[in-house]
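Below is one structure, written out as structure tokens; the observations come after it.
Residue numbers (UniProt numbering): 1 to 348.
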């Protein structure tokens with residue numbers, strides 16, 4: 001069966017065709033359940049990379065990933081879907097932003113893994129480890145407890161979706177982006193009605209918008225953000241696609257319109273520097289550019305999730321949460337709960 005599917009996607013750039021949704025389900029099942037051989041899996045990933053994945057093909061991989069993942073309505077808020085290959089040269093605004101949002105009453109789901117190709121950058125996993133939290137060793141109950149107490153859920157995806165762990169070695173050997181780089185971000189572990197999703201190229205806006213609609217999110221924002229992440233730029237406008245009720249539209253978000261545009265300093269980021277800057281911002285200090293970036297990202301996400309009527313209102317609320325210490329207190333509480341069992345093995 002897999003050989004026949006490979007023949008269709010592997011005929012070269014001109015001869016290859018997109019698989020139907022049913023065919024894509026067959027391919028995704030064979031790959032994620034390791035019924036295909038490593039050679040077939042690698043060949044499929046490369047062929048799809050050359051052809052470019054269709055919406056139906058990505059959707060099939062998302063749904064098979066969801067089938068094999070632990071998913072539960074732990075908290076229904078905003079899912080932040082950034083690239084798992086991490087950052088090399090930009091601030092991880094979404095980390096500090098998540099605690100501001102939770103302090104504002106919007107539950108947030110974050111997810112990630114150890115770094116992956118093609119970027120091999122700093123990941124959320126690295127930030128947690130720098131904070132004394134090894135998410136791969138935490139029991140699921142502990143992670144859920146931290147979410148219930150604070151509104152911030154962090155999912156170690158290779159523990160909660162085991163097929164992704166099984167396929168890591170093949171992805172590392174290939175060293176390139178595969179269909180999994182998109183599918184893994186859309187598993188939606190907590191059944192979130194709202195999605196913010198990062199893309200690197202604006203050429204995929206329409207495909208990702210259609211995919212968000214097919215996956216039945218109430219509202220989604222597709223962001224061409226820093227290093228392909230969901231983080232809006234603070235030094236210049238950011239192109240985004242707003243998706244709701246089967247409709248999508250381009251929306252350029254300009255920080256200058258809110259008095260926040262700020263030059264970003266060149267910085268050699270390490271996990272330690274990322275955590276130090278995040279904690280400084282949550283304490284109401286930190287570099288102005290990165291503090292403003294957190295404010296803008298938090299405000300846009302509050303508006304997306306219908307917590308405020310405007311970005312201006314969101315900025316006002318979020319600045320107050322940073323100034324009065326509410327966001328910092330919540331972060332410290334989350335850190336304490338997550339740290340309290342970080343040496344325990346992960347339970348299924």
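Here a beta-carbon is modelled for each residue, glycine too, at the ideal position from N, C-alpha and C.
Alpha-carbon spacing of residue 347 relative to residue 140, whole angstroms: Low confidence applies here, because residue 347 scores a pLDDT of 41, under 50, leaving its location unreliable and the question unanswered by this model.
Local Cβ density within 10 Å of residue 62, reported as buried at 16 or more and exposed below that: buried
Counted within 10 angstroms of its Cβ, other Cβ atoms place residue 309 as buried (16 or more) or exposed: exposed
Neighbour flag for residue 153 against chain B, beta carbons, 8 Å: Note that chain B does not occur in the displayed structure, where there is just one protein chain.
Residue 277 (DSSP reduced to helix, strand or coil): helix
Residue nearest to residue 232 in terms of C-alpha spacing, selected from 37, 300, 283: 300
Cβ-Cβ separation, residue 144 to residue 74 (assumed contact under 8 Å), whole Å: 6 Å
Nearest-angstrom beta carbon gap, residue 184 and residue 401 [assumed within contact, 8 Å]: Outside the displayed span of the chain (1 to 348) sits residue 401, for which this structure offers no information.
Presumed contact (8 Å Cβ cut-off) between residue 98 and residue 152, rounded CB distance: 5 Å
Segment limits, beta strand (DSSP E) that includes residue 79: 78-81
Segments of 4+ residues assigned as alpha helix (DSSP H) that fall wholly inside the stretch 171-236: Listed in chain order, the complete alpha helix (DSSP H) runs (minimum 4 residues) inside the stretch 171-236 are 179-183, 205-214.
Whether residue 59 touches residue 211 by CB criterion (8 Å): Taking 8 Å as the Cβ cut-off, residue 59 and residue 211 qualify as a contacting pair.
Contact set for residue 182: own chain, Cβ-Cβ below 6 Å, skip 5 residues either direction: 58
Closest residue to residue 291 among 46, 321, 302 (Cα-Cα distance): 321
Residue 177 burial status per 10 Å Cβ neighbour count (16 or more: buried): buried
7 Å Cβ shell around residue 230 - same chain, five flanking residues per side excluded: 80, 81, 82, 94, 196, 197, 198, 223
Burial state of residue 163, where buried means 16 or more other Cβ atoms lie within 10 Å: buried
Proximal residues to residue 245 (C-beta, below 7 Å), its chain only, five neighbours per side dropped: none
Residue environment, residue 48, which counts as buried when at least 16 other CB atoms sit within 10 Å: buried
Supposed close pair residue 87, residue 112 - CB separation, criterion 8 Å: Wrong, their Cβ atoms sit about 11 Å apart, outside the cutoff.
Other residues of its chain near residue 284: CB distance less than 6 Å, five sequence neighbours each side excluded: Around residue 284, the same chain offers 322, 323 as residues with beta carbons nearer than 6 Å, after the five sequence neighbours per side are excluded.
DSSP-derived helix/strand/coil call for residue 297: helix
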